[in-house]
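In the working numbering, the protein residues as written are 218 to 481.
No residue lacks a Cβ here, since even glycine has one placed at the ideal position from N, Cα and C.
Below is one structure; the comments refer to it alone.
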DNA sequence: ATGCCCTTGTAACAAGGA
């Protein structure tokens with residue numbers, strides 16, 4: 218089975234590229250972030266025409282997450298228990314069970330600057346996410362995938378000196394991420410198809426992509442049963458090329474996985 | 001060449017992204 222995660226930076230602006238990519242890559246499950254549409258604005262018919270069921274959670278111009286699946290889409294949950302708002306709830310997490318794996322598509326708050334209230338919100342959100350994922354991890358095969366807006370190490374930033382005193386690299390953010398992993402989740406790092414660093418995001422400005430000045434902030438965290446079934450994981454930089462791309466590339470994971478059958 | 005901000009909402013910018 219093949220699953221993927223992709224911050225598309227507007228599913229409406231990206232729709233032609235998303236449909237081409239779905240047809241070519243054919244993931245069984247896709248976690249989307251930054252769809253930037255309310256649920257009733259999600260282009261469900263176009264995606265269903267390619268064989269996918271859709272669960273979308275959105276709120277308008279910002280945020281928005283979704284899970285697409287062609288191997289079942291059960292027990293959909295919007296957000297998670299104890300999720301903080303800013304101050305109101307935001308569409309940053311959606312969960313569904315597909316082929317016996319509990320997937321959560323995640324869009325962590327940006328944080329803006331370390332002295333901004335949004336940064337405090339980011340840390341609280343990550344702490345609450347950890348608590349919510351603990352139940353999933355205890356229950357069975359789990360994947361938490363998406364845009365975590367944290368670079369786990371200095372090697373995950375093209376020039377860590379330029380990020381001193383910025384969000385995405387601060388020790389509290391990295392500690393919050395480590396606490397999520399400490400639930401028993403493994404970091405499934407995609408292979409870079411060019412260069413030696415597994416970046417998943419490149420700023421639109423100043424030719425950052427063609428200079429490979431990027432960051433690894435999109436992550437796939439998986440329980441041991443799933444991680445042990447990984448045959449390959451790739452960062453699809455082809456999707457970052459050309460006209461009208463997202464500023465993030467998808468991570469595509471191939472598993473040797475047989476979904477549990479119906480109960481006898 | 002992969003090629004030098006983008007998206008949405010609302011009215012020429014404002015806000016957010018990372």
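Which of the three DSSP states, helix, strand or coil, is assigned to residue i?
i, result
"residue 344", "helix"
"residue 464", "coil"
"residue 409", "strand"
"residue 212", "This structure gives no information on residue 212, because the portion of the chain shown stretches from 218 to 481."
"residue 380", "helix"
"residue 448", "strand"
"residue 267", "coil"
"residue 290", "coil"
"residue 364", "strand"
"residue 359", "strand"
"residue 510", "This structure gives no information on residue 510, because the portion of the chain shown stretches from 218 to 481."
"residue 300", "coil"
"residue 392", "helix"
"residue 277", "coil"
"residue 397", "helix"
"residue 475", "coil"
"residue 335", "helix"
"residue 230", "coil"
"residue 242", "helix"
Which residue wins for smallest C-alpha separation from residue i, given the options the options?
i, options, result
"residue 342", "254, 316, 472, 307", "307"
"residue 345", "285, 394, 316", "394"
"residue 419", "296, 457, 358", "457"
"residue 461", "421, 282, 273", "421"
"residue 404", "261, 250, 438, 324", "438"
"residue 279", "304, 250, 293", "250"
"residue 285", "246, 376, 262", "246"
"residue 423", "400, 386, 327, 464", "464"
"residue 339", "380, 298, 387", "387"
"residue 471", "333, 244, 416", "244"
"residue 401", "442, 262, 282, 277", "442"
"residue 267", "281, 336, 288", "288"
"residue 225", "282, 263, 330, 262", "282"
"residue 253", "277, 459, 304", "277"
"residue 305", "294, 330, 335, 319", "335"
"residue 327", "264, 297, 227, 383", "383"
Can you name, in chain order, every residue of its own chain whose Cβ lies under 6 Å from the Cβ of residue i, other than the five neighbours on each side?
i, result
"residue 291", "314"
"residue 477", "317"
"residue 481", "Below a pLDDT of 50, predicted positions are generally treated as unreliable, and residue 481, at 47, falls in that range; no measurement from the model is reported."
"residue 397", "347"
"residue 273", "256, 259, 283"
"residue 297", "310, 349"
Leaving out five residues on either side along the sequence, give the residues of the same chain with a beta carbon under 8 Å from the beta carbon of residue i.
i, result
"residue 378", "none"
"residue 188", "The chain is shown only over 218 to 481; residue 188 falls outside these bounds and no answer can be derived."
"residue 258", "229, 275"
Across which residues does DSSP place residue i in a beta bridge pair?
i, result
"residue 249", "223, 283"
"residue 432", "374, 418"
"residue 403", "439"
"residue 469", "221, 451"
"residue 272", "284"
"residue 295", "311"
"residue 319", "314, 359"
Counting Cβ pairs, one atom from each stretch, are 3 or more of them under 8 Å apart for the segment 345 to 356 and the segment 416 to 429? Touching, no.
How do the segment 444 to 452 and the segment 406 to 426 stand: do at least 3 beta-carbon pairs fall below 8 Å, yes or no? Contact between the segment 444 to 452 and the segment 406 to 426 is present: 3 or more CB-CB pairs across the two stretches fall below 8 Å.
Below 8 Å, can you find three or more Cβ-Cβ pairs linking the segment 320 to 327 to the segment 370 to 377? No: fewer than three Cβ pairs fall under 8 Å.
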